[in-house]
Amino acid sequence: MMLEVDKINVFYGAIHALTDISFNVEEGEIVALIGANGAGKSTSLKTLSGLLHPTTGSIRFLEEDISTKAAEEIVRKGIIHVPEGRKIFAPLTVMENLEMGAFLQNDKDQIACDIRSAFERFPRLKERQNQLGGTLSGGEQQMLAIARGLMSHPKLMLLDEPSMGLAPVLVEQIFEIIQEINKQGTSILLVEQNAKMALSIANRAYVLETGSVVLEGAAKDVMENSSVIQAYLGG
Numbered sequence: 001m002m003l004e005v006d007k008i009n010v011f012y013g014a015i016h017a018l019t020d021i022s023f024n025v026e027e028g029e030i031v032a033l034i035g036a037n038g039a040g041k042s043t044s045l046k047t048l049s050g051l052l053h054p055t056t057g058s059i060r061f062l063e064e065d066i067s068t069k070a071a072e073e074i075v076r077k078g079i080i081h082v083p084e085g086r087k088i089f090a091p092l093t094v095m096e097n098l099e100m101g102a103f104l105q106n107d108k109d110q111i112a113c114d115i116r117s118a119f120e121r122f123p124r125l126k127e128r129q130n131q132l133g134g135t136l137s138g139g140e141q142q143m144l145a146i147a148r149g150l151m152s153h154p155k156l157m158l159l160d161e162p163s164m165g166l167a168p169v170l171v172e173q174i175f176e177i178i179q180e181i182n183k184q185g186t187s188i189l190l191v192e193q194n195a196k197m198a199l200s201i202a203n204r205a206y207v208l209e210t211g212s213v214v215l216e217g218a219a220k221d222v223m224e225n226s227s228v229i230q231a232y233l234g235g
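full-length UniProt numbering puts the first residue of the sequence shown at 1, with every later residue one more than the last.
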């Protein structure tokens, strides 16, 4: 098992944000976390990436307990978080954003090779390489956030709302890119409001409600579940 989350409890101050949540990701999988706003999806990803820590329960990555590790250590282990709202470095150029993503790499040739790969995957970023991140469109910023994350060769990528605020044609493109990244060997944990889209590319899915897992299973079974259809797939 690549990632095992076992009965974690997470608090924001006095708010009990996650209650006894358990889920896992096998190597090579795309796993979707779906649920309404405030269900605990983003909190789950922040806890995995070390921005928050569980008060009880455990998180194991490649057999190692990472529940109390700092965010930087977790990046070094091979988990990359592409946060909601993209969080690119707006005052830096596209190229500088990519270089920031490679901060763990010391091999200049490897970094140059990785930047070439990013530009092959995202030709739009190549055209905009000297532009400031903050001047890019929403879709371009999302591409940059994903490309920056890939610069550290992650084993597991945590994607938080990659389609948020994007036009439908761009949503399709971003989801094709996610599938391609997965085919090349990166496991994906995907948080996404667009449940239909997420379930269409995922292997398995977990449905979160008010900080708890209420349903789990193969993505196609979750997609056919009547309560999921009613709540998340437009009835």
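Every residue gets a Cβ at the ideal spot worked out from N, C-alpha and C, and that includes glycine. Quick caveat: nothing in here was measured; it's all calculated off a predicted structure.
Query - Whole-angstrom distance between Ile34 and His53, CA atom to CA atom - result: The C-alpha of His53 lies about 21 Å from the C-alpha of Ile34.
Requested in this report: Work out the CA separation of Glu209 and Leu233 for me, nearest whole Å.
Outcome: 15 Å
Requested in this report: Less than 8 Å between the CB atoms is what I'm expecting for Ile74 and Val5, so what's the real figure, rounded?
Outcome: In this structure, Ile74 and Val5 do not form a Cβ contact; the two beta carbons are roughly 13 Å apart against a cut-off of 8 Å.
Requested in this report: Reducing DSSP to helix, strand and coil, say where Glu84 ends up.
Outcome: coil
Query raised in the report: Taking contact to mean at least 3 C-beta pairs separated by less than 8 Å, is the stretch 103 to 116 in contact with the stretch 85 to 93?
Result: The stretch 103 to 116, when compared against the stretch 85 to 93, does not touch it at the 8 Å Cβ threshold.
Query - Whole-angstrom distance between Leu170 and Gln141, CA atom to CA atom - result: 12 Å
Query raised in the report: Would DSSP call Ala218 helix, strand or coil?
Result: strand
Query raised in the report: Pairing CB atoms from the stretch 92 to 99 with CB atoms from the stretch 130 to 146, are three or more of them under 8 Å?
Result: yes
Query raised in the report: residue 241 bridges to which residues according to DSSP?
Result: The question about residue 241 has no answer here: the residues shown for the chain are numbered 1 through 235.
Query raised in the report: Where does Ile66 fall in DSSP's three states?
Result: coil
Query - Ile177 beta carbon less than 8 Å from that of Arg121 - result: yes
Requested in this report: Could you check the C-alpha separation between Leu190 and Arg76 for me, to the nearest Å?
Outcome: The alpha-carbon atoms of Leu190 and Arg76 are separated by roughly 20 Å.
Query - Cβ-Cβ separation, Met143 to Ile181 (assumed contact under 8 Å), whole Å - result: At roughly 12 Å, the Cβ-Cβ gap does not stay under 8 Å, so Ile181 and Met143 are not in contact.
Query raised in the report: For Arg204, which three-state DSSP category applies?
Result: Here Arg204 sits in strand by DSSP.
Requested in this report: Determine the DSSP secondary structure at Ser49, reduced to helix, strand or coil.
Outcome: coil
Requested in this report: State the Cα-Cα distance for the pair Ile30 and Gln184, rounded to the nearest angstrom.
Outcome: 12 Å
Query raised in the report: Taking all protein chains shown into account, do 16 or more other C-beta atoms lie within 10 angstroms of the C-beta of Lys108, making it buried, or fewer, making it exposed?
Result: Taking all protein chains shown into account, Lys108 has fewer than 16 neighbouring C-beta atoms within 10 Å of its C-beta and is therefore exposed.
Requested in this report: Locate the beta strand (DSSP E) running through Asn106, then write down its first and last residues.
Outcome: Taken as a continuous stretch (DSSP letters only), Asn106 belongs to no beta strand (DSSP E), as it is neither H nor E.
Query raised in the report: Excluding sequence positions up to five away, which residues of its chain have a Cβ less than 6 Å from the Cβ of Lys69?
Result: Gly50, listed in sequence order.
Query raised in the report: Hey, Ile18 and Gly211: beta-carbon distance below 8 Å or not?
Result: Per the sequence shown, the amino acid found at residue 18 is Leu instead of Ile. Closer than 8 Å, so yes.
Requested in this report: Quick one: which unbroken alpha helix (DSSP H) runs of 4-plus residues sit fully inside the stretch 156 to 186? Chain order, please.
Outcome: 168 to 183
**Report entry** Contact check, residue 323 vs Leu3, beta carbons under 8 Å
**Finding:** Nothing about residue 323 can be read from this structure; the chain reaches only from 1 to 235.
Query - Nearest to Ser152 (by Cα), restricted to the options Glu172, Ala112, Gly139, Asp160 - result: Ala112
Requested in this report: Look at Leu199 and Arg148 and say whether their C-beta atoms are less than 8 Å apart.
Outcome: no
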